[in-house]
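Okay, so the sequence shown: first residue is 48 according to this note's numbering, each after it adds one.
Cβ coordinates follow ideal geometry from the N, Cα and C atoms, glycine included.
Every value quoted in this text rests on a predicted model; they were computed, and no experiment measured them.
Comments concern the structure below.
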Amino acid sequence: MTDHLISQDPRLAEIVRRLVEAYQPERIYLFGSMARGEAGPDSDYDLLVVVPDDAPPERRQSTLAYEVLWGTDRAADVIVWERARFERRASVVCSLPATVVREGKLLYAA
Numbered sequence: 048m049t050d051h052l053i054s055q056d057p058r059l060a061e062i063v064r065r066l067v068e069a070y071q072p073e074r075i076y077l078f079g080s081m082a083r084g085e086a087g088p089d090s091d092y093d094l095l096v097v098v099p100d101d102a103p104p105e106r107r108q109s110t111l112a113y114e115v116l117w118g119t120d121r122a123a124d125v126i127v128w129e130r131a132r133f134e135r136r137a138s139v140v141c142s143l144p145a146t147v148v149r150e151g152k153l154l155y156a157a
């Protein structure tokens, strides 16, 4: 896990804290320009949240993230995947889960 990213970025730490509280996820990944170290001043956080397969319907949707992240100082795009679907697609080279596993940073694991 990349605790140094969270310890160096209080906004990211707060976002992860709120997502963990709301989603009770198995994993949270940071991907995109922030994860690659190529972020500019207007870059947002790209986050992928992996929830248990038996998560309630409201915890399987990205709309919950926009509610719980309201008021944070930086924009965040949050994508939610159920564990089985994420793991199945992670073996497909050009899929989003494969890219996230390959290039992203694991911020949280239950």
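Listed in chain order, the non-local C-beta contacts of residue 51 below 6 angstroms within the same chain number zero, local neighbours out to five positions each way being set aside. For the region 94–149, the continuous alpha helix (DSSP H) assignments of 4+ residues that do not extend past its boundaries occur at 110–115, 130–136, in sequence order. Comparing alpha-carbon positions, the option among 149, 97, 70 lying closest to residue 114 turns out to be 70. With respect to the 8 angstroms criterion, residue 107 and residue 129 are classified as neighbours on the basis of their beta carbons. Comparing C-alpha distances from residue 56 to each of 102, 127, 121, 74 shows the shortest one belongs to 121.
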